[in-house]
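Trainee: Protein chains in written order, with the working numbering: chain P, 9 to 121; chain R, 53 to 169. Below are the structure tokens for one structure; questions will follow.
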């Protein structure tokens, strides 16, 4: 099982450039999430999508946009990258049953210079 | 509001000795609680989860955690550390009714576990 996949694995951008991070899951989950991870901060929620066709802001949404393309795919877009967006980005999807645990992708390491 | 506090940012143990990673939470509801592990330059892997079925939860790789409501704690333990346990560990709470954000997770800041030979 592939689980949650993310592309690219690494990216370097110049300030002001744009890019889209891609995420896909093959577990038929309704809910998907984007987080950023910074040293000493744990993971912070950027945006989430409770179901296909819906998206909502999380804790740190400024500077980002998202698209829930279909049930499998959830993309994160940086329209004008800033050095403060240098981080590791994780996508996750959530089970509908039981404890509702989330399953994470391998991450995208983004550096903005 | 719910929150998670991991009491130690860094824990160092010798191989073969017990591991204790401490976590306290606050939640207005009956939470689901998780421990995730992150090895260097990897994604997060679910170690174990608590959903009110049993207060002592067993996870993968010999880890377990005990939910203590009176102490609002969910500490992670392992009887004997292995070199491969060196990683960062995150205590996480899911508050089903938080702000309408069903199932959203609140992460602790992490505890880095070092294992000495």
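Using N, Cα and C, we set each Cβ at its ideal position, and we do this for glycine too.
Roughly how many angstroms separate the alpha carbons of residue 116 of chain P and residue 84 of chain P, rounded to a whole number?
Mentor: 11 Å
Trainee: Report the neighbours of residue 37 of chain P on chain R: residues whose CB is nearer than 9 Å to its CB, in chain order.
Mentor: Here the premise fails: no neighbours, minimum Cβ distance about 10 Å.
Trainee: Out of R:92, R:110, R:79 and R:81, state which residue places its alpha-carbon closest to the alpha-carbon of residue 130 of chain R.
Mentor: R:110
Trainee: Return the first residue and the last residue of the beta strand (DSSP E) that residue 72 of chain P is part of.
Mentor: Element bounds for residue 72 of chain P: n/a, residue is neither H nor E.
Trainee: Grab the span of the beta strand (DSSP E) containing residue 139 of chain R for me, first residue to last.
Mentor: Residues 139-146.
Trainee: With DSSP collapsed to three states, give me the class of residue 135 of chain R.
Mentor: helix
Trainee: For the putative contact between residue 144 of chain R and residue 160 of chain R, defined by C-beta atoms under 8 Å, what is the C-beta separation to the nearest angstrom?
Mentor: 7 Å
Trainee: What residues in the segment 49-63 of chain P have a beta carbon less than 9 Å from any beta carbon of chain R?
Mentor: 49, 50, 51, 52, 53, 56 and 58
Trainee: Note down the Cα distance separating residue 170 of chain R from residue 103 of chain R, rounded to an integer number of angstroms.
Mentor: Nothing can be reported for residue 170 of chain R: it is not among the residues displayed for chain R, which extend from 53 to 169.
Trainee: Quick one: what's got a C-beta closer than 6 Å to residue 34 of chain P's C-beta in the same chain, skipping five residues either side?
Mentor: Answer for residue 34 of chain P: 10, listed in chain order.
Trainee: What does residue 164 of chain R reach in chain P if we use C-beta pairs closer than 8 Å?
Mentor: Here the premise fails: no neighbours, minimum Cβ distance about 10 Å.
Trainee: How do the segment 64-73 of chain R and the segment 88-99 of chain P stand: do at least 3 beta-carbon pairs fall below 8 Å, yes or no?
Mentor: No, because fewer than three Cβ pairs between the segment 64-73 of chain R and the segment 88-99 of chain P fall closer than 8 Å, the two stretches do not touch.
Trainee: Using the C-alpha atoms, what's the distance from residue 108 of chain R back to residue 123 of chain R?
Mentor: 14 Å
Trainee: Could you compute how far the alpha carbon of residue 101 of chain R sits from the alpha carbon of residue 87 of chain R?
Mentor: Going by the C-alpha atoms only, they are around 7 Å apart.
Trainee: Considering only C-alpha positions, which residue in the set R:82, R:90 and R:55 is nearest to residue 98 of chain P?
Mentor: R:90
Trainee: Select from the segment 66-98 of chain P all residues with a C-beta closer than 8 Å to any C-beta belonging to chain R, and list them in chain order.
Mentor: 66 and 98
Trainee: Measure the C-alpha to C-alpha separation of residue 132 of chain R and residue 66 of chain R and round it to an integer number of angstroms.
Mentor: 9 Å
Trainee: Could you tell me whether the Cβ of residue 114 of chain P comes closer than 8 Å to any Cβ of chain R?
Mentor: yes
Trainee: Go through its chain and collect everything with a Cβ distance to residue 64 of chain P's Cβ below 8 Å, but skip five positions before and after it.
Mentor: 55, 56, 57 and 58
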